[in-house]
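In the working numbering, the protein residues as written are 109 to 247.
Here is the structure:
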């Protein structure tokens with residue numbers, strides 16, 4: 109039971125000053141998370157793909173130990189996440205997909221449902237990403 113003075117308060121997590129001051133428009137970082145190059149960089153790469161964060165993806169993929177084929181428990185890779193992204197962010201999606209492919213992302217990997225990154229791009233009707241993925245499959 110929490111009394112009124114402690115309800116909703118979690119002392120294990122320190123809220124950043126920019127959140128306390130309600131400065132949501134311009135946070136001090138635009139990375140995937142507060143510990144960008146921490147101990148779980150592969151998870152951060154997935155998170156950068158979900159957020160379509162080009163800066164974070166660039167920084168993470170510049171590290172030699174990052175695995176571009178990291179998978180979630182459902183088998184999604186960062187390339188699948190990018191391929192299924194929204195069409196209004198196509199230039200950023202294409203940039204991240206190209207960086208992932210340069211780092212060695214596998215286009216032929218399938219998730220738990222048997223879908224590949226190409227199938228996600230077809231479902232999203234993103235022709236720019238389809239061109240990038242078909243170019244990667246041909247080479």
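By construction, the Cβ of each residue, glycine as well, lies at the ideal position given by its N, Cα and C atoms.
Determine, using beta-carbon pairs with one atom in the segment 167 to 183 and one in the segment 233 to 241, whether at least three such pairs fall under 8 angstroms. no
Applying the criterion that 16 or more other CB atoms from any shown protein chain within 10 Å of the CB defines a buried residue, is residue 166 buried or exposed? Working through the chain shown from its first residue, we reach residue 166 at position 58. Flag for residue 166 reads exposed.
Which class does residue 196 belong to by DSSP, given the choice of helix, strand or coil? Counting from one through the chain shown, the residue named residue 196 turns up at place 88. Of the three classes helix, strand and coil, the one that applies to residue 196 here is helix, per DSSP.
Taking all protein chains shown into account, do 16 or more other C-beta atoms lie within 10 angstroms of the C-beta of residue 172, making it buried, or fewer, making it exposed? Position 64 of the chain shown, counted from the first residue, corresponds to residue 172. Residue environment for residue 172: exposed (fewer than 16 other C-beta atoms within 10 angstroms of its C-beta).
Have a look at 238, 244, 151 and flag the residue whose alpha-carbon is nearest the alpha-carbon of residue 212. Translated into positions along the chain shown, residue 212 becomes position 104. For residue 212, the nearest C-alpha among the options comes from 244.
Out of curiosity, what's the CA-to-CA distance linking residue 184 and residue 199? On the chain shown, residue 184 is found 76 positions in, with the first residue counted as 1. On the chain shown, residue 199 is found 91 positions in, with the first residue counted as 1. So the two alpha carbons sit approximately 21 angstroms from each other.
Boundaries (first-last residue) of the alpha helix (DSSP H) holding residue 258: Because residue 258 is not part of the residues shown, which for the chain are 109 to 247, the question remains open.
From which residue to which residue does the alpha helix (DSSP H) around residue 235 run? As a working mapping, residue 235 is identified with position 127 in the chain shown. First-last of the alpha helix (DSSP H) with residue 235: 235 to 246.
Once you ignore the five residues that flank residue 191 on each side, which residues in its own chain have a CB closer than 6 angstroms to its CB? Residue mapping note: residue 191 aligns to position 83 of the chain shown, counting from 1. The answer, listed in chain order, is 225, 228, 229, 237.
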